[in-house]
Amino acid sequence: MGEEPRVFNPLDGAVEEELSVLTKQPGLPKDVHEARLPTESVIALDVAAYVADFNARVIGAYEKGIGSQELPADVGVARSLIPAGTAALRDFSYLSAEIPEFIADTCVGCMTCVTECPDAAILGKAIPASRLEREPEFDGTHWARTRKYFDVPARRGLEGALFGIFIDPTKCKGCAECVEVCAELGYDALRMVRKDDGTLERYRRAFNFFRKVGPTPAEYINEKSLADMMLAEESALLYLGGAGSCMGCWLT
Numbered sequence: 252m253g254e255e256p257r258v259f260n261p262l263d264g265a266v267e268e269e270l271s272v273l274t275k276q277p278g279l280p281k282d283v284h285e286a287r288l289p290t291e292s293v294i295a296l297d298v299a300a301y302v303a304d305f306n307a308r309v310i311g312a313y314e315k316g317i318g319s320q321e322l323p324a325d326v327g328v329a330r331s332l333i334p335a336g337t338a339a340l341r342d343f344s345y346l347s348a349e350i351p352e353f354i355a356d357t358c359v360g361c362m363t364c365v366t367e368c369p370d371a372a373i374l375g376k377a378i379p380a381s382r383l384e385r386e387p388e389f390d391g392t393h394w395a396r397t398r399k400y401f402d403v404p405a406r407r408g409l410e411g412a413l414f415g416i417f418i419d420p421t422k423c424k425g426c427a428e429c430v431e432v433c434a435e436l437g438y439d440a441l442r443m444v445r446k447d448d449g450t451l452e453r454y455r456r457a458f459n460f461f462r463k464v465g466p467t468p469a470e471y472i473n474e475k476s477l478a479d480m481m482l483a484e485e486s487a488l489l490y491l492g493g494a495g496s497c498m499g500c501w502l503t
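Residue 252 is where the sequence shown starts when you use our numbering, and the numbers rise one by one after that.
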């Protein structure tokens with residue numbers, strides 16, 4: 252029979268010798284001491300396989316609502332090895348009884364609601380009007396004609412763009428921060444509404460359209476405005492939402 256694989260054991264004398272490199276020996280000057288970990292204590296990890304397993308097993312269990320009850324102890328999670336971006340897979344659709352509703356007639360396109368949202372659940376976009384009108388799924392209730400994105404660009408020789416606000420129902424927790432800040436500014440372009448049987452499906456369709464309609468053209472983004480930077484997809488989509496440690500969430 253072959254030899255049993257060696258298991259890291261801090262009580263093993265041979266390993267104690269290797270661990271001695273972690274401790275400054277009496278009499279040695281400080282500049283001689285070099286701390287390093289023995290290779291035997293490092294756990295090899297196949298990153299690609301771990302990410303695939305984490306998404307299927309851990310995320311899958313929480314999507315089914317059984318994560319806290321059925322998941323066993325996990326060496327990766329115990330070491331805080333969480334794959335980046337997995338929060339994007341979390342669905343908070345049924346966390347709150349209410350969700351913000353956009354009122355296009357009073358929106359000025361200030362983007363304050365977008366920057367205030369703690370979950371990246373509300374995003375904006377400015378798209379030339381003619382491009383939107385060619386889209387069969389275009390819904391005018393989600394788009395506002397604002398001075399900032401329609402009238403001002405038109406005076407510069409550009410086509411006026413319609414400004415849209417969209418709420419991702421899978422990330423919104425119903426905290427109403429966006430509604431409150433909009434009301435404080437005096438615009439009242441958002442209000443909380445009760446969810447009903449058709450609300451979530453309607454919001455999902457609208458947010459899917461937001462994703463497929465394309466990015467805001469660069470000429471409509473004022474690079475001197477920090478709020479406008481959230482119109483650029485490379486900035487807005489850096490934030491995935493799905494965290495359980497912010498305003499409006501009972502998971503904290």
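Note that CB positions come from ideal geometry on N, CA and C, so glycine has one too.
Query                                                                                                                                                                 : Result
At what residues does the alpha helix (DSSP H) containing Val246 begin and finish?                                                                                    : Nothing about residue 246 can be reported from this structure: the residues present for the chain run from 252 to 503 only.
Starting from Val302, trace the alpha helix (DSSP H) in both directions and tell me its first and last residue.                                                       : Val298 to Asp304
Below 8 Å between beta carbons: does that hold for Ala440 and Cys358?                                                                                                 : yes
Helix, strand or coil for Ala478? Go by DSSP, reduced to three states.                                                                                                : coil
Using DSSP with H/G/I as helix, E/B as strand and the rest coil, what is Glu367?                                                                                      : helix
Can at least three beta-carbon pairs, one atom from the stretch 313–329 and one from the stretch 441–448, be found at a separation below 8 Å?                         : no
Pull up the DSSP beta-bridge partners for Met362, would you.                                                                                                          : Partner(s): none; Met362 has no beta bridge.
Say whether the stretch 464–480 touches the stretch 372–382, bearing in mind that this needs 3 or more beta-carbon pairs closer than 8 Å, one atom from each stretch. : yes
Taking Ala338 as the reference, which of Ala371, Tyr400, Val298 and Arg396 has the closest Cα?                                                                        : Ala371
In the DSSP assignment, what residue or residues form a beta bridge with Phe414?                                                                                      : Ala377 and Ala395
To the nearest angstrom, how far is the alpha carbon of Gly449 from that of Gly492?                                                                                   : 23 Å
Kindly indicate which three-state DSSP category Glu384 falls into: helix, strand or coil?                                                                             : helix
Measuring alpha carbon to alpha carbon, tell me which of Phe401, Ile418, Arg462 and Asp304 ends up nearest Glu388.                                                    : Arg462
So, with DSSP's three-state summary, where would you put Leu332?                                                                                                      : coil
Which class does Arg445 belong to by DSSP, given the choice of helix, strand or coil?                                                                                 : strand
Consult DSSP for Phe343 and reduce its assignment to one of helix, strand or coil.                                                                                    : coil
If I measure Cβ to Cβ from Phe305 and keep anything under 6 Å in the same chain, skipping five residues before and after, which residues do I get?                    : Pro334
In the DSSP assignment, the alpha helix (DSSP H) including Cys353 goes from what residue to what residue?                                                             : As written in the sequence, residue 353 is Phe, which differs from the Cys given in the question. Not the alpha helix (DSSP H): Phe353 falls in the beta strand (DSSP E), residues Glu349 to Phe353.
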